[in-house]
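Chains as they are written, first to last, in the working numbering: chain A, 1 to 706; chain B, 1 to 472.
C-beta: ideal position from N, C-alpha, C; glycine also.
All values derive from a computational prediction rather than experimental measurement.
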Amino acid sequence: MKDSRRIVLLSFLGLSLYLSGIISFYYYPENAHQTYLSENALMPGSARVTFDYQDFNKIQEFSHTFSKLIWRLNHNSTLDKSKRSIIASEWIQKSLNEIGIESFIHKYPITYRNNNSSNSNNNNGNNIYSVLRAPHSDGTESIILSGSFNSSNSKLLEDEEISSVGLLMSIMRHLYQKGRNWLAKDIVLLISDTCSQSDTDSSSHGIRAWIDDYHDSTLLSSFQRNYFPRAGQIQAAINIDVDKKYSPEKIFILPEGSNGQLPNLDLINTIGRLAKRESVSDKISLSLDDPSLHFIPNNLRTLAKFMLNQASGVPTGDHGMFNSYHIDSVTVAISNTPKSALIVSRLLVGTVRSLNNLLERLHQSFYYYLLPSPFHYVSIGEYMISLGLIISPLVIRVLYLLFTLSSTFKSPTIFNKKSSSSLSTSSTSIPQEKKRGIQKLIVLLTGGEMKSDDSPRDILYSFSIVCLFQLIGILAFSLPLTFSQSTQYLLNYLSNIGTLSLFILFTLLYLGIFLIILPIIDRLFYPNALKATSEQSLVLKYKGGSSFFVFSNLPILIFLSTMSLLNFSFCTFASIFSIPLCTFSFYQTNIISTIDHNGNSTSSSTLQQQQQQQKSSISNSNLNRVKRLILNVIYILLSPPGVIVYMSHFVFKQDCFAFISTIIQQYHHYSNLMYPFLTLIYLPLSLSILKSINNSTTFSLKQKNQ
Amino acid sequence: MNSTQKKQTSSSTTTTATATNKCDSTFKTFIFISLSALLLRFVLFYQGFHFHFSNRNEITTPLTNFKRLTEGLHLWDLGLSPYSGSAYHQSPLVLLLFYPFHSNNLSTSLTGLPPQVVFLVVDILIAYLLREITKLIPQVLPKEMKPLEPNSNLPNITAALYLFNPFSIFTCIGMSTIVINNAAIILSLYYSLKGNLFQSVFFVALSSYFSIYPIILLFPVSFILKRHYFPEQTLNTATRQQLSPQQQSHLEKQLQHSQTTMSILFYSRIVLFYLLSFSSLIYLSYTLLGSWEFLSKTYGFTLFVEDLTPNIGLFWYYFIEVFDHFRNFFLFIFQYHVFIYCIPLAIRLKNHPLFYFWALCAIIATFKSYPALGDTALHVSLLPLLNEPLKGVRYSFIVIVVAIYVTVLAPILWQMWIYQGTGNANFYYTINLVFTLAQVLLIVDSLSVLLKLDYVNKINHLEENQEKKKIE
């Protein structure tokens, strides 16, 4: 009874900690700190931005000509995709050269990092890039301005007012003409053509290919025909995105990069400070508004959106490509209206000027923060507490069990019966002090009250089973990565059959594990348990529970607590989802076992009582069986195939096999955590939860038979 | 001589007799274990993990890196000194070992095999030796381990724990040449348990030739050898009753006197053998390369810590931070710190030479100048040999969990520091400190358990004697 009360208390404590962890997110926006600039050298707005209407007219002029060109190209049926791309790129190169800036075309193979498409030789993508050499520098540091266009976009109007190409060219022209007396870092302009990409790809392969080639030190790199001038170490990158989908009222700062990586907060602060100076700070926004969610307070909505973007691990703009090379980067996005274009150009020129002042890399301010608004932040020291609270029910349980397990392996020689018995008799001639010392020693060595029921054999048994499950997870993780070609083929083939095949595959896997492999292991470890249904062996068999719980939950704990350094938001959502599963599975099985144990322990009492007990235990076990059935159904619904189907249908609105292949590709491109979490952690976890439920089922059934 | 030795010999003969009967079944399982371990390593090599692992600084150090070894081999092949340039820092004889597997652009290797084969073979060798060692221990050191049942699984478990230890898998796949050093250490333990004085001392010399630190293993090895050369001699009760007390004490004194002179001779023989084999190894390397350059490039490099590339040890961060004029002082302190433990431990652990051996291995792995996971793998794989005294270790699970956390966290923090730039060196060094702390906790904890065990046994013994006296 004491045990069950303790369990109720613990579960109550765990539940309250878990809930308080979730609720704490509600209080972040109110208590967020005001952002501040840490890096003195940035000095945003200390110099007057000279970008004026004359330059603004240039934007419109470039945009007009460029959109006309694209329109013309797309209405000329004799040209194919690559021709169009080349003509457009050459136009940009020519006009940049006319301004006076050296510019080049970087060609890259379209099959770049794209395994499934067939490669033909003249299928090249094009990047245009130019380097504005700063007269006052030694050419060791540079800043990137990047943007993209689509040369095969037939929907483009003939007279587009603003395009990112025109905006970037005009800024470069301005910097070339007026900025040359203050520039101390090279400015690299990078414009990438996204014509070769499918619509589902949100980010540009071109920028990725360029940045890879830029940092490639081998002489035999993929494309040798490029003359590749470099401009020193890239210190920061600003990506510009002009699209109709953004609201015309606002200027969007999108910081979330690949796998939720963020730029230094000073970069965002600089843009924010400049916006304040231009008195447009109320226009700055962090995420696209979703009109359906207006009942949530504004800041909380921004925070949630921010965390969701981070958790998905897919960059919100092309700036995510720069993350893997240690370059702070951010996307500034606007709609294609002239008014915001002028403001954004002024902001960008100001930002470039501030970054130009930097003496060293951005390093002063935070890299780990959550933004409820562009001018407020929550630092890592605060938000980690919430994650800690959310996973604490599991941590408490696992730590407690770990300590008890540590006391399982006792040295039998220390507890020599002779010594303890002779200690109790007063006739021994050992001095009193020594005796006390030994008693203390014994207390010390037993570790007080903490004792665990598991024998070393049980621990080994549960360890090997968890290892087996983990191995299955590792296989599920590594096989698609090593045999990517055939996996793609298989996924395509399966998607033709339909969603049902996913379930059939997983059922086969589960049946194979639970009906074939596990009984073999059981027989290896407990040869007596299956032959003789003696009470002892059965109890022994069940007793592996606590060590099994520890081992099966250690991987997810380690994953959540360590990976939260890389992607906090993903780990938070994953833990909100999976911690109740883990904890609840344990308490459920434990409560069942305590009921069964009660039935056992009172068997030595009078007959009447015993009969009553039996009756109650039978009714209990019937009830439990129903309970277990429900539990099984719940856990099977929450197992990986179920999760994959829900996510693909409700969140991504895709076929589930297409979903699997996208998460594998996303893992390739952005190294986000969805795929490793599902295979390495969640699959073994769900297997071991199912195992622990069914373990107790067989136990109670057998007891009933007796 | 006396009854104890007879007993020992008789018990050993019975065990060998039964072992031959039951040997086959356990040996079959051993073959199964080693084949599956080979398969695992083969798959990992096939998947190309050695490209990732051999560049990880947790797994390889400048002293054990295979890429550097290839560079040295190439230079040697061209007729240059392998130490020209600053890539190669390993002992010259390692070149000789890997030369048959080296292939340059012009010709394939002499044996036609990839160098990975060496690592696979060495791993299997170490596992086999560990298995044999487990069988030998109850015969030689009855205090450390109870005599094994003939069909006991412990030897195979020891081998399997080495082969499937993630650290040793990483080390093998990372092609870290530390495994050769480990093999030499294990061989010295094996031969010392067998009682072969020359071989064991030679392998200590070989391992200290590869990396200086194992020189302190000479102490435990000589303690183990002493068990063979000086079995415990006590007057049995029958003879004691026949002698008068005076005669008894006289005889004991005589025995003791002869023993001290004999043991001085014994130790000097070990030292002589050691010096002989070490100097011959050095001379062999000299003849191989034709210059003494290698001394400063290998041993100087190890002792003066010239490369401060981050690894899992304590040196790199400290010597980046320290001011130049204190450098020599702290260098002395840090290196002295590794070697000095052998003396107090020798005094305290005279009667537990195997534990002493393990403790020194663990101390070397923790405090040496370029540690890697391979060093940790060695002392962790020796732990099952000490399972008898170490059953009461209190923090075993904590240490294991910390070890897992560290192995997961270290690459993440490295990623944050080097690739993302969102962290810094302090993050990574903190994890090194935690790892060191876990290893130290393991050493201290097991030492304290051993001493407690000793104490309890002593008191038990006292009581037994008193009870016997009462009965008399």
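Residue of the options minimising C-alpha distance to residue i
i               : options                        : result
L447 of chain B : B:N465, B:K146, B:V402, B:K391 : B:K391
L125 of chain B : B:E71, B:N182, B:N311          : B:N182
Q488 of chain A : A:Q665, A:P263, A:Q654         : A:Q665
N432 of chain B : B:W292, B:P231, B:V408         : B:V408
G100 of chain A : A:I211, A:H174, A:H64          : A:H174
H136 of chain A : A:A47, A:N181, A:V49, A:H326   : A:N181
T111 of chain B : B:Y370, B:L93, B:P100, B:S296  : B:P100
G48 of chain B  : B:A160, B:T302, B:G174         : B:G174
H669 of chain A : A:H326, A:N97, A:H205          : A:H205
A88 of chain A  : A:F62, A:E102, A:K58           : A:F62
I59 of chain B  : B:A377, B:I320, B:L187, B:Y395 : B:A377
L387 of chain A : A:N264, A:S578, A:L402, A:I644 : A:S578
D213 of chain A : A:D282, A:V645, A:Y129, A:I171 : A:Y129
I240 of chain A : A:A32, A:A41, A:V332           : A:V332
T29 of chain B  : B:Y191, B:N153, B:G423         : B:N153
L286 of chain A : A:R346, A:H294, A:L481, A:A304 : A:A304
Burial state of residue i (16 or more Cβ within 10 Å)
i               : result
T507 of chain A : exposed
D216 of chain A : exposed
I414 of chain A : Note that I414 of chain A scores a pLDDT of 44, beneath 50, so its modelled location is shaky and nothing firm can be said.
Y46 of chain B  : exposed
I268 of chain A : buried
S486 of chain A : exposed
M145 of chain B : buried
R457 of chain A : exposed
H52 of chain B  : exposed
F42 of chain B  : exposed
P344 of chain B : exposed
K67 of chain B  : exposed
P142 of chain B : exposed
Residue i at chain B interface by Cβ criterion, 7 Å
i               : result
K691 of chain A : no
Y367 of chain A : yes
T679 of chain A : no
H136 of chain A : no
L481 of chain A : no
I558 of chain A : yes
T562 of chain A : yes
L399 of chain A : no
L565 of chain A : yes
L405 of chain A : yes
N119 of chain A : With a pLDDT of 43 at N119 of chain A, under the threshold of 50, the predicted position of this residue should be treated as unreliable, and no value is reported.
L402 of chain A : yes
Assumed close pair residue i, residue j - CB separation to whole angstroms, cut-off 8 Å
i               : j               : result
L218 of chain B : I270 of chain B : 7 Å
I284 of chain A : P374 of chain A : 5 Å
F210 of chain B : A37 of chain B  : The Cβ separation is near 24 Å, so there is no contact.
G14 of chain A  : I396 of chain A : 7 Å
Residues, ordered as in the chain, of the segment 405-434 of chain B that lie near chain A by beta-carbon distance below 7 Å: Taking a C-beta cut-off of 7 Å against chain A, the contacting residues of the segment 405-434 of chain B are Y405, V408, L409, I412, M416, Y419, Q420, G421, T422, listed in chain order.
Contact list for the segment 393-404 of chain B against chain A, Cβ threshold 8 Å: Of all residues in the segment 393-404 of chain B, V393, R394, Y395, S396, F397, I398, V401, I404 have a Cβ within less than 8 Å of some Cβ in chain A.
Residues within the segment 38-60 of chain B neighbouring chain A, beta-carbon criterion of under 8 Å: Those would be Q47, in chain order.
Where the segment 245-264 of chain A meets chain B: residues whose CB sits under 7 Å from a CB there: Residues are counted here when their Cβ sits less than 7 Å from a Cβ of chain B; for the segment 245-264 of chain A these are Q261, given in chain order.
Cβ-based contacts, 8 Å cut-off: residues of the segment 625-656 of chain A near chain B: For the segment 625-656 of chain A, the set of positions with a beta-carbon nearer than 8 Å to some beta-carbon of chain B is empty.
Short-range partners of chain B found in the segment 311-326 of chain A, where Cβ spacing is below 9 Å: Cβ contacts with chain B: N323, S324, Y325, H326.
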